[in-house]
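Numbering (the numbering used here), first residue to last: 2 to 153.
We put the beta carbon where it would ideally sit given N, CA and C, even for glycine.
Computed from a predicted model, the values in this text were never measured in an experiment.
First up is the structure itself, then whatever we jot down about it.
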């Protein structure tokens, strides 16, 4: 089993804000902590998580205090390592092209998971709550869907 795992921002938000499948996301994060895994993310993921929190405030789904508390919780996760560099950029472009993904955001998460797997010789799971993304890359065995997978 790999000591690295990549979590999509859709999963991270479910840890931070109570919504559908938050219980599954929290259970997954507990697994990460219990197994002393490192969450690897593309270097822009902090901005993506923050942007989703801001949108939730603007849509009045959460209040500003809840958003700030969630933001501080995200910033205090001690298990996150942000990955950047040309190798992520190139791999993301290739993945987006091959899988016909419309953006590089999703492809960057996949690239991070693939790069970590190559570096460590073990599969790096990528977890998402985005069913559309998961179906568009269903040929990739390391992609796990939060809603339909058993975490333990």
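Check this for me: beta carbons of residue i and residue j, under 9 angstroms apart or not?
{"i": "residue 51", "j": "residue 83", "result": "no"}
{"i": "residue 6", "j": "residue 38", "result": "yes"}
{"i": "residue 4", "j": "residue 36", "result": "yes"}
{"i": "residue 134", "j": "residue 102", "result": "yes"}
With which residues is residue i paired in a DSSP beta bridge?
{"i": "residue 6", "result": "40 and 126"}
Which of the three DSSP states, helix, strand or coil, is assigned to residue i?
{"i": "residue 96", "result": "helix"}
{"i": "residue 139", "result": "coil"}
{"i": "residue 78", "result": "coil"}
{"i": "residue 144", "result": "strand"}
{"i": "residue 34", "result": "helix"}
Using a Cβ-Cβ distance cut-off of 9 angstroms, determine whether residue i contacts chain D.
{"i": "residue 125", "result": "Reference to chain D is not applicable here, since this structure consists of a single protein chain."}
Subject >> Inter-stretch contact (C-beta, 8 angstroms, three-pair minimum) for the segment 62 to 76 and the segment 16 to 29 >> reply: yes
Original post:
Okay, do the segment 133 to 146 and the segment 96 to 115 touch, 3+ Cβ pairs below 8 angstroms being the bar?
Top reply: yes
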